[in-house]
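Each remark here refers to the structure printed beneath this line.
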Amino acid sequence: MNKRELVEAIADRVGDKKTATEAVNAVLETIQNAVARGDKVSITGFGAFEMVHKPARTARNPSTGAPIKVEESWAPRFRPGAEFKELVNAGGKAAKKK
1115 MNKRELVEAI
1125 ADRVGDKKTA
1135 TEAVNAVLET
1145 IQNAVARGDK
1155 VSITGFGAFE
1165 MVHKPARTAR
1175 NPSTGAPIKV
1185 EESWAPRFRP
1195 GAEFKELVNA
1205 GGKAAKKK
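Here this note's numbering is used: the sequence shown runs in plain steps of one and ends on residue 1212.
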């Protein structure tokens, strides 16, 4: 499912595509801005979005084996909640049986 399909699924529930588009955009922008500021966004039953620090390190070029310096960076991380994990696990088991 991509963003357009998500908007359509929400529009089917709320009855208005414009409202669904605005809602999806507002939620995504709010989460992105909060995480970019360093805030953790927790949605009970769904999961948590947070920023994690990746320190500088030395890696190796897989072709030559030469060491490469990788600069420190910050990245977003999503950790699914218990209910979400259970739902996905049940769906995976059902899909495997098909």
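From the three backbone atoms N, C-alpha and C, an ideal C-beta is built for every residue, glycine too.
Between the C-alpha atoms of alanine 1140 and lysine 1132 there is a straight-line separation of about 12 Å. Cα atoms of alanine 1173 and phenylalanine 1163: separation of roughly 27 Å, rounded to the nearest angstrom. DSSP, read as helix, strand or coil, puts glycine 1205 in helix.
Going by beta carbons, glycine 1195 and isoleucine 1157 fall inside the 9 Å limit.
For valine 1184, the CB contacts under 6 Å within the same chain, skipping 5 residues up- and downstream, are Arg1171, Ala1173 in chain order.
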